Structures are given as structure tokens and as C-alpha cells.
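Line by line, the protein sequences give chains Z and W.
Quick note, the first sequence lines up with residues 27 to 547 if you use our numbering.
Quick note, the second sequence lines up with residues 27 to 547 if you use our numbering.
Structure first, then comments.
Protein chains: 2
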Amino acid sequence: MPYKYDYVENAVGRMIPREIDGRTLKPFRGAFKDNGGGRKAAVPVPVSKPGQNKVLKSIKKAIQACGLRDGMTISFHHHLRDGDGVINMVVDTIAEMGIRDITLAPTALFPVHEPLIGHIKNGVIGNIQGSMNGPVGRFVSHGGLPTVAILRTHGGRVRAIEDGDLHIDVAFIAAPCADDYGNANGVYGPSACGPLAYSYVDAMYADKVVVITDNMIPYPCVPYSIPSTHVDYVVQVPSIGDPEKIVSGTTRITRSPTRLLIAQYAANFIINSGYFKDGFSFQTGAGGISLAITKFLGEEMERQGIKARFINGGITKFAVDMFRKGLVEVLYDGQVFDTASIQSFRDDLKHVETPMSMYANIHSKGCLVNRQDIGFLGATEVDLDFNVNVNTHSDGLLLHGIGGHTDVAAGAGLCMIVIPSYRKRLPIIRERVTTVTTPGETIDVIVTERGISINPRRKDLIDRFKNSALPIKPIHHLKKEVENITGIPEPPRLKDRIVALIEYRDGTIIDVVREVAKTDE
Amino acid sequence: MPYKYDYVENAVGRMIPREIDGRTLKPFRGAFKDNGGGRKAAVPVPVSKPGQNKVLKSIKKAIQACGLRDGMTISFHHHLRDGDGVINMVVDTIAEMGIRDITLAPTALFPVHEPLIGHIKNGVIGNIQGSMNGPVGRFVSHGGLPTVAILRTHGGRVRAIEDGDLHIDVAFIAAPCADDYGNANGVYGPSACGPLAYSYVDAMYADKVVVITDNMIPYPCVPYSIPSTHVDYVVQVPSIGDPEKIVSGTTRITRSPTRLLIAQYAANFIINSGYFKDGFSFQTGAGGISLAITKFLGEEMERQGIKARFINGGITKFAVDMFRKGLVEVLYDGQVFDTASIQSFRDDLKHVETPMSMYANIHSKGCLVNRQDIGFLGATEVDLDFNVNVNTHSDGLLLHGIGGHTDVAAGAGLCMIVIPSYRKRLPIIRERVTTVTTPGETIDVIVTERGISINPRRKDLIDRFKNSALPIKPIHHLKKEVENITGIPEPPRLKDRIVALIEYRDGTIIDVVREVAKTDE
Numbered sequence: 027m028p029y030k031y032d033y034v035e036n037a038v039g040r041m042i043p044r045e046i047d048g049r050t051l052k053p054f055r056g057a058f059k060d061n062g063g064g065r066k067a068a069v070p071v072p073v074s075k076p077g078q079n080k081v082l083k084s085i086k087k088a089i090q091a092c093g094l095r096d097g098m099t100i101s102f103h104h105h106l107r108d109g110d111g112v113i114n115m116v117v118d119t120i121a122e123m124g125i126r127d128i129t130l131a132p133t134a135l136f137p138v139h140e141p142l143i144g145h146i147k148n149g150v151i152g153n154i155q156g157s158m159n160g161p162v163g164r165f166v167s168h169g170g171l172p173t174v175a176i177l178r179t180h181g182g183r184v185r186a187i188e189d190g191d192l193h194i195d196v197a198f199i200a201a202p203c204a205d206d207y208g209n210a211n212g213v214y215g216p217s218a219c220g221p222l223a224y225s226y227v228d229a230m231y232a233d234k235v236v237v238i239t240d241n242m243i244p245y246p247c248v249p250y251s252i253p254s255t256h257v258d259y260v261v262q263v264p265s266i267g268d269p270e271k272i273v274s275g276t277t278r279i280t281r282s283p284t285r286l287l288i289a290q291y292a293a294n295f296i297i298n299s300g301y302f303k304d305g306f307s308f309q310t311g312a313g314g315i316s317l318a319i320t321k322f323l324g325e326e327m328e329r330q331g332i333k334a335r336f337i338n339g340g341i342t343k344f345a346v347d348m349f350r351k352g353l354v355e356v357l358y359d360g361q362v363f364d365t366a367s368i369q370s371f372r373d374d375l376k377h378v379e380t381p382m383s384m385y386a387n388i389h390s391k392g393c394l395v396n397r398q399d400i401g402f403l404g405a406t407e408v409d410l411d412f413n414v415n416v417n418t419h420s421d422g423l424l425l426h427g428i429g430g431h432t433d434v435a436a437g438a439g440l441c442m443i444v445i446p447s448y449r450k451r452l453p454i455i456r457e458r459v460t461t462v463t464t465p466g467e468t469i470d471v472i473v474t475e476r477g478i479s480i481n482p483r484r485k486d487l488i489d490r491f492k493n494s495a496l497p498i499k500p501i502h503h504l505k506k507e508v509e510n511i512t513g514i515p516e517p518p519r520l521k522d523r524i525v526a527l528i529e530y531r532d533g534t535i536i537d538v539v540r541e542v543a544k545t546d547e
Numbered sequence: 027m028p029y030k031y032d033y034v035e036n037a038v039g040r041m042i043p044r045e046i047d048g049r050t051l052k053p054f055r056g057a058f059k060d061n062g063g064g065r066k067a068a069v070p071v072p073v074s075k076p077g078q079n080k081v082l083k084s085i086k087k088a089i090q091a092c093g094l095r096d097g098m099t100i101s102f103h104h105h106l107r108d109g110d111g112v113i114n115m116v117v118d119t120i121a122e123m124g125i126r127d128i129t130l131a132p133t134a135l136f137p138v139h140e141p142l143i144g145h146i147k148n149g150v151i152g153n154i155q156g157s158m159n160g161p162v163g164r165f166v167s168h169g170g171l172p173t174v175a176i177l178r179t180h181g182g183r184v185r186a187i188e189d190g191d192l193h194i195d196v197a198f199i200a201a202p203c204a205d206d207y208g209n210a211n212g213v214y215g216p217s218a219c220g221p222l223a224y225s226y227v228d229a230m231y232a233d234k235v236v237v238i239t240d241n242m243i244p245y246p247c248v249p250y251s252i253p254s255t256h257v258d259y260v261v262q263v264p265s266i267g268d269p270e271k272i273v274s275g276t277t278r279i280t281r282s283p284t285r286l287l288i289a290q291y292a293a294n295f296i297i298n299s300g301y302f303k304d305g306f307s308f309q310t311g312a313g314g315i316s317l318a319i320t321k322f323l324g325e326e327m328e329r330q331g332i333k334a335r336f337i338n339g340g341i342t343k344f345a346v347d348m349f350r351k352g353l354v355e356v357l358y359d360g361q362v363f364d365t366a367s368i369q370s371f372r373d374d375l376k377h378v379e380t381p382m383s384m385y386a387n388i389h390s391k392g393c394l395v396n397r398q399d400i401g402f403l404g405a406t407e408v409d410l411d412f413n414v415n416v417n418t419h420s421d422g423l424l425l426h427g428i429g430g431h432t433d434v435a436a437g438a439g440l441c442m443i444v445i446p447s448y449r450k451r452l453p454i455i456r457e458r459v460t461t462v463t464t465p466g467e468t469i470d471v472i473v474t475e476r477g478i479s480i481n482p483r484r485k486d487l488i489d490r491f492k493n494s495a496l497p498i499k500p501i502h503h504l505k506k507e508v509e510n511i512t513g514i515p516e517p518p519r520l521k522d523r524i525v526a527l528i529e530y531r532d533g534t535i536i537d538v539v540r541e542v543a544k545t546d547e
């Protein structure tokens, strides 16, 4: 089957089809070209009567009550991560009921969701719009999905839902704690996960909303992350997931000397960047390098008597420790990664939930990422234009979601990519990244164990670090140095067919992902 | 000027014009006839860019930036009650700027807002949609407003805004605490008022939102009742109000023997009603009788070892004391009435804010009033059909808003009206109330110091109290008894012209308010 597309070049030099799957695409025009306008989606007008019973005995009954049928779109959150039991449970039920051609719009899929591949093959799932970490991504890469998948950032997904680009017919919300009216939180019960921030927009905009819980408490469930005003049905199940895999007992700092060196470079860069001062703010994640930077920054803050105004999480025990010591005044939290963070989120008044619209929606009147001073982020590849790939590997396989990467890069005053210069003999710095996830114009610095490259757009930083002892060098030097060790890798074995779109946070298309030939092809 | 209307009779027997001020009216059809349907209003798509500055130097600059012009609608909350300084400040500025024919859509006006009368006279204010407590209501009663005012319940106002019936061009939100990005709360600062629950819907649905604060703190203001995602501009002013009049230092229980007797009857009725059991819930207010009932219930709960699951507030120190004693597990809070309650609202994890949509929106998927067992409410009049008037006095003057009265009555399992049988020689129980605010089908019991009347619809309660020692009697007996003391008052001196509509919570019209002749007419 030949795949022909009518292309137009976008602002990062990628060729984007004008149309795909009957959908007209808008090519990426630059990170800050969007100006809003128009009106958001209008949601249905429901009615609330006294005596209303929302509790249904099974997921099947909830699916029936919602009127789910062929071709509709359903959504899920990924707060239960690789411990999630709900997506498979719901899709299995949909399959049993004979419903087909469903668009799946999760915030993210994990290895635990590998069984969905069977449901793609049997026609139950017709499209996926959401992050695919691992097996489902690999399957889509090899052309397994009959349609083109769409990947969005955390902020971009909210935007798409609010703007009506992604209409959700039924949202299924896994809830570690809920009452019979649908008020739900993530802080109590065996499957506690912290905030339910990813699902808030689904609750606000989906036509029908089903809360699925393994911990039903007497009304009212307080606090609530999901308000009963937006929930149609509640289903109790024996278990929504595997607590062992929902959060780790503890998150650990990297022990790799290479990664510790990267973290040390990054921390030193930050400390000398001008951004490190009383009242500053930064974003942390759960990655080993990110945790090490957080730790190093915390130590320096204590030494210098500097306090941060807020940390924008993913929150871990390391951020909570700094908060408890008084080094940070506020924790903003979209997700937590360990049990200590759940406790703090539950109990501390200045540790608050950030629904994704507040976190990163470009179509809001102001989002959190735009107010943060520093973000340190990962990558699978970066290129000479500072474009960053977080979705595909150099072999072209689509194995990761975007998360908040692109959002933070656009918003943060100082956006750093902190990465080892090569992985498994594959260089990270490329002539052109395999996939552009985040445009180079929003990336300020690349930090590797072999050197630090500053984006030429940031003349101020280049000047500031002119006489620095840090190993600062132009990115093409860094690239050359690494290639001397690794060589230049083979290009990925890509086919013509486009299997996924990488949507920028404003709804334009920044890149496409092509089918990867199987090794036996 | 002759006023002719083309009438249709509604379900409580009131004659409602088919159309007024070019607006087609839907007559009230019964409390539970509404079934939702259609779509809510679609809000504008804004954009959030890094570096955006929301802080403007004056209210005038904010009004200009919002593009406010003749004929538009502006809104305010009433959390600052009779201490509010913001409404007058903003309308004065609008007047100075020469803008005219503004529709004012506050949640409520108080005596402090009497200067608005001048702005009605000079054409700055063309219409009012909101509660008018005191002088502005009196002025409107006498025909001072050139158009017909609309009064809505707390839940009904949210519904109207969300459904697009009341479109707000610019919402001005007085904030006791805010940051430069518009995150705002009511718990810190000299003008602290507790929640900002009335304004939440305004922030969500208004085209433009301006936060006005006298207490700007460094970003981020946490917790936030109003999220920065929905705020366009922030203005700092020396003072948003008079703290002495925003909340009372303490709320006081009535000392009137008559009112204490009513409270005692009401408490005894509740205790024997079947609703008083472990896990029950009720709503309190700040009125003297309501506080006394709360106190009596609390004492009995302690005696019997009964715990309430939640109190739905207006919260006072009395509710907080019960909460602290462990007699109540959760406090739901739309507004607070004293400083002790602000502290509890600020610090206690199980004392949470209820935006008005969660409190009482019939066009939600489930609101709080529908889950509460008991509500005790006031009235200016009740009638033989148990219809309740809270808006006008027997002289026809429109002096009070609806508040949550109608919402609670529709939702609560047991809705009691607790009132003295007469006031200033005017009987409270009338053949027909002057104005129907709340339909009799939603009222269960009338409690006065001279006896208790149960709505004949509640055969279960009539049976239950058959042999009660409480002075239970049919409502026409009670009426007769009171009239033997007071006589039957003169009918109000009403003119033909309709000056206000009483909108039921579903958007239908339950009654109209007519112009009252001045004493010299």
C-alpha cells in the first residue's frame, strides 16, 4: 500500500502532511506564535435531582449507562502508572460487549497495558491519542494501528480537550478513594497515588464520567480532586491496581558516576546562571539525574541561605525534604513518585494539586510553567539546532510520551537538557533529531558529562559563562567529540507510512513519526 | 405609563408574563420538572505566554484593558458583605469613564452599596441581576430601575452563568490575598473573609476577569480559591473593604425567649424526625435561631453519642466547635461568618470550600444540597400552600435576596422554616405569600413559637409525630391563631409595573415583584 502525502514544511523544517485520516493539520509555526481566539468546547447540561443514585454494580453497567458505542472516544489517567489495573479492565469489558473502533485517549500507557495490543488487532481500539510508553508504542511504530496516533504534551492534551479538538465521550477515572456521589481523591486507600490532576480536565469536559474505585468511603469524600458535580456513575471494584507499581516506596538518586557528574555540572551551571537567588523556582522530576540536581541545589541553598518560592513537581521525597526544612515555600504537584510525597500532599497546606490546565495549558490565562525559573529535562536525542527528541529512539521506535517536556521548555526561564552524551554506543547529539518533540528555540542549555552547550540564542548566558571553569563548548564540538567515540549510527529503517503525529502544545504539528521496518523486513 | 403584560399562570398559581424586556420567560413548572439538556456556554480561548504581566496600576486601566463598554455586564461577589469597598469603587470608576447602561450582576448587594442608586439614576447602571439587600432593593421596589431586575438563588445564578443565560463580560473579584498572576484566596490579610466560593463561576465563565486585592503576596498565592488560569488582570488597591463589617468577631446566639423557644421546638422536631442519626448532615446559617438550633443539636449529639458526617455552611464558630469536638467530620463551606471560622477554613483539611456549582447547581451532575438531610431556613412569609417568601415584606418591598434558600429546600430531606409567628404585628403565615420565592412542594415543616405545621405532602412525618408532645397543628389553625393577635394586614400598595423577576433555580420564573407605591402616592 503506497502512502502519499501532500506536504508542507513547518518552522523546524519538518515535512507535515496537509491532511491525514481526514484531519486537516496545522504545521508548527514557532513556539510563541499562537494567540488563542475562538471559543472552547461547550459541555452538555446535566441535571441533579435529590435521591439520584450513581452507583452501578459493574463496569459493564456503567458502559451501558453511558451509551458507549462504536467509534466513540474514552479516556483514562496514568496516575497509577505501571500499576494501573483500570484501562485493561475497561477495554476488556468493551471488547466483551462487542463495541468496536474506540479511540483511546489516555494521558499515558505503560508496559502493563501491553494487552491492549490484542484489542487493536481485533478492532476494538481504532485509534490512540495519548502517550505510549513501551510495548504499545513499539507496536504502533511497526504499523500495528490502522490509523495515525496523536501524541500531545500534558498541557497540549488539556488544550485539545478544552478546545474541542479531542472530544471525550466517556472518561473513566481510577480513584484510590471515592464516595457514592463521585467525589474522588488519590490520597487514601491501598491504591493511593497522590493527586488526580491528569483527570480533572476529563471530568470537566467529557460527556459522561465514570469513577472506578476500590475504596468507597461514606459521602462526602473530602478532600476531592474530582468533584461529584461532574461525575455520572461510580463503580466499586476489588482493586484498581497494584500498589507496588503505583508509587515506589522510595525514589533513588543515581549512583552512576557519569550521571552524578552531569548533575554536578547542571547544578553548578544553575548556581552561576543568575537564576539561583532568593525566591527562585524550579521543576523536578523522578529521574536519577534530576533527583541528584535537586539534592545538590538543596545543599547549596542551605549553604547560601537561599530559599525557593516553589517547586513544580512531579514531587519526590527530595522535594518534600527541602519543603520540610523550609528551603521551599510551596510545592505544586501534578503527580507524586513516592509514598513520602503522598503523605505530604495529603497533609501539607502549602503542597497543592495542579490540574494540567494550571500546570501547562497555553490556552489558559496563565499557566505555571510560564512562571518557573528553571527546568531540567531529559531527552533521547538533541540536535545542532537544539531541537529535542523525547519520543523516539535513534532506531525510530516510538517508545515514550512527551509528558510536560515541551511545556516546561516553553515556559521556564532557563531550560536545561541533562543527558549522558551517549547511550549504548549511540550518540545523543545528532545532526538532526529523529523526531522533533520540543523546538530548539525553547531549549537554553545542553548538559552532558563531556561538556555544556549553550543555545546561541542565549547570548546573555554565553556572556555570563565566558570565563567559567565549567566545560562550556559549542554544540558541534560536543557532537564531534562524542562521535569520535561512538561513530555515526545507521539511520533508522523507516517506511513511508506516518504512524503518529507529534502535536505541539498549541495544536500545530511539529513532527511526524514513521513506521519502522521490522528486523525481518 | 401603562404596563400591559401577556400572562401565563405558573405551577404555583402566579401570573408570569410571556415576555419582558425582550426576554422570553419560562413559567415555573414544578420543583423537579427540569431535565437539563443542550450545551453550556462556550468560553473564549485565551493564550498564556511567558513574561505576561497582569498587574495594572488602577481599576481604570483594568476596565480599559478589558474593553468594557456601554451595555455590558459586570459581576462581583458578596464575601465582603456590608464591608465591601470594591463594588462602589469599580462602579464609580466606570461612571467617571462615561460608560453607561451596565448590567450589574453581583451575588448580592448590601446597605453599603446604597451609592449605586445614584448610578442607576444617572444611567450608568441599566439593569441588576442579583440579590439586593436593603436600600437598592427598596429603590428598585419603588420603580427606580429602568428595566426589570432578576433575582436568582445561589445555585440558580451559577446555572444561569454556566448555561449562558447570564453572560458576564467582566468579573471583578475582590481578593483578601492574591499574587501578581491572579491566584487569589480569602484567608490571609486584613480583609480576610474565608472562601471566595461565590466568584468561582464568574472566573470560569466571564470573558475577562480582574482580581482586585489589598494584599499582594509573592507568586504563588497558595491555597487558591480563584486560579490564575482564569484571571486576566490584577489591581492592587489600598483597601478592598472594612474588616469590621466583613465578618463579625463572633456570631451570637439569639437571646430572645421567643426565638429560643422556636429553636428548641425545631431541635426537638429534628431529634425525633428520624433524620437525627449517626452520619446525618445538616445546613447551618448565621441567624440567631439557626445558631441556637445548631447549639441544641450539638448538645443532644454529645448526649446520644451521635456524629454528623457533614455540616453544609455558612459556617460559624458553633459549627467549628462541633467539628473540633469530633461531632462533625466535614465542614463544607460557601461562606463564613466569624473569625474563628476563617481560621478553621484556612487550617483544617476537612473544612473545605464549596464553589456554588457544587453547593447547589441543578445543572450539575450532583450538588451538595441534594445530599443533606436537614436544612433550617428563615422566611418573611409563608402561606397555606407552604410557599415561602424571603424576598419581599408584606408591604411588597423587595429587601432581601434568595441566597441558597430555594436550593436547600429542594435538596434537603427535611426542610424546616423556623420563624416567629409575627413580626412588628405582621403575621408571618398568610393566605397567599406576597412573593413566592420557594415553592411549598419543597417545604416540609413550619416551626413557630406558637406551633409546628407539617406539610400535608409529608404523610410520613405527620404519622411519626401523631402522638408527639410538640405543638403540632395544621397550618390554617396556626394562621388563625396568629391573626387573632395581629389582625389581617393591609394588602401592599402595588402598581401594575413589574420591577423584578424571581427566577427558580432551573431558570423558570416562579414569581414577579411589582412596583410599590410610595407613601406619598
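We put the CB at the ideal spot given by N, CA and C, even for glycine.
Just so we're clear, the structure is a prediction, and the values are computed from it rather than from any experiment.
Rounded separation between residue i and residue j - CA only
i: Z/I85; j: W/G275; result: 51 Å
i: Z/I468; j: W/P76; result: Reading off the sequence shown, one finds Thr at residue 468 of chain Z, where the question assumed Ile. Distance between the alpha carbons of Z/T468 and W/P76: 11 Å.
i: W/M158; j: Z/S254; result: 31 Å
i: Z/D399; j: Z/G93; result: 46 Å
i: W/N387; j: Z/G429; result: 35 Å
i: Z/P264; j: Z/C203; result: 13 Å
i: Z/E509; j: Z/R458; result: 14 Å
i: W/A37; j: Z/A197; result: 38 Å
i: W/G170; j: Z/T99; result: 54 Å
i: W/G163; j: W/T460; result: 15 Å
i: Z/M384; j: W/V408; result: 47 Å
i: W/F321; j: W/I296; result: Sequence inspection shows Lys at residue 321 of chain W; the Phe mentioned does not correspond to that position. Rounded to the nearest angstrom, the two C-alpha atoms are 13 Å apart.
Residue environment, residue i, which counts as buried when at least 16 other CB atoms sit within 10 Å
i: Z/S479; result: buried
i: Z/G208; result: buried
i: W/P482; result: exposed
i: W/G305; result: exposed
i: W/Q90; result: exposed
i: W/M41; result: exposed
i: W/R456; result: buried
Determine which residues of the stretch 240-254 of chain W have a Cβ less than 7 Å from any Cβ of chain Z, and write them out in chain order.
Correct list: P244, Y245, P246, V248, P249, P253, S254.
Below 9 Å between beta carbons is the criterion; list the residues of the stretch 135-154 of chain Z that meet it against any residue of chain W, in chain order.
Result list empty, no residue passes.
Could you run through the stretch 46-67 of chain Z and flag, in chain order, every residue whose CB is less than 9 Å away from some CB of chain W?
For the stretch 46-67 of chain Z, the set of residues with a beta-carbon nearer than 9 Å to any beta-carbon of chain W comprises F58, D60, N61, G62, G63, G64, R65, K66, A67, in chain order.
So within the stretch 302-379 of chain Z, which uninterrupted alpha helix (DSSP H) runs reach at least 4 residues, ignoring any that extend past its ends?
Within the stretch 302-379 of chain Z, the complete alpha helix (DSSP H) segments at least 4 residues long are 314-330, 343-350, 365-373, listed from N- to C-terminus.
Would the stretch 345-357 of chain W and the stretch 328-335 of chain W be scored as touching if the rule is three or more Cβ pairs under 8 Å?
Output reads yes: the stretch 328-335 of chain W touches the stretch 345-357 of chain W.
Quick one, which residues of the stretch 326-337 of chain W are near chain Z if we go by CB-CB under 8 Å, in chain order?
From the stretch 326-337 of chain W, only R335, F336 have a Cβ closer than 8 Å to chain Z.
Is the stretch 247-259 of chain W close to the stretch 380-396 of chain Z, with three or more CB pairs under 8 Å?
The way I'd put it, the stretch 247-259 of chain W does touch the stretch 380-396 of chain Z; three or more beta-carbon pairs between them come closer than 8 Å.
Assess contact between the stretch 180-187 of chain Z and the stretch 417-426 of chain Z, defined as three or more Cβ pairs (one per stretch) separated by less than 8 Å. Is contact present?
In short, these stretches do not touch, since the Cβ pair count stays below three.
Runs of alpha helix (DSSP H) wholly within the stretch 416-493 of chain W (minimum 4 residues, chain order):
As far as the stretch 416-493 of chain W is concerned, its whole alpha helix (DSSP H) runs of at least 4 residues are 431-437, 485-490.
Complete beta strand (DSSP E) runs within the stretch 149-234 of chain W (minimum length 3 residues, chain order):
The qualifying runs are 151-154, 175-177, 196-201.
Which residue spans inside the stretch 231-278 of chain Z form an unbroken beta strand (DSSP E) run of at least 3?
Runs found: 234-239, 259-262.
Tell me whether the stretch 239-250 of chain W and the stretch 211-221 of chain W touch, counting them as touching only if at least three CB pairs, one residue from each stretch, are closer than 8 Å.
Counting C-beta pairs closer than 8 Å gives three or more between the stretch 239-250 of chain W and the stretch 211-221 of chain W, which meets the contact rule.
Counting beta carbon pairs with one atom in the stretch 142-152 of chain Z and one in the stretch 491-502 of chain Z, are three or more of them shorter than 8 Å?
Output reads no: the stretch 142-152 of chain Z does not touch the stretch 491-502 of chain Z.
Does the stretch 428-444 of chain W touch the stretch 531-546 of chain Z, meaning 3 or more C-beta pairs lie closer than 8 Å?
With a cut-off of 8 Å, the stretch 428-444 of chain W and the stretch 531-546 of chain Z do not count as touching, because too few Cβ pairs lie within range.
Counting Cβ pairs, one atom from each stretch, are 3 or more of them under 8 Å apart for the stretch 310-318 of chain Z and the stretch 338-348 of chain Z?
Result yes; three or more Cβ-Cβ pairs closer than 8 Å.
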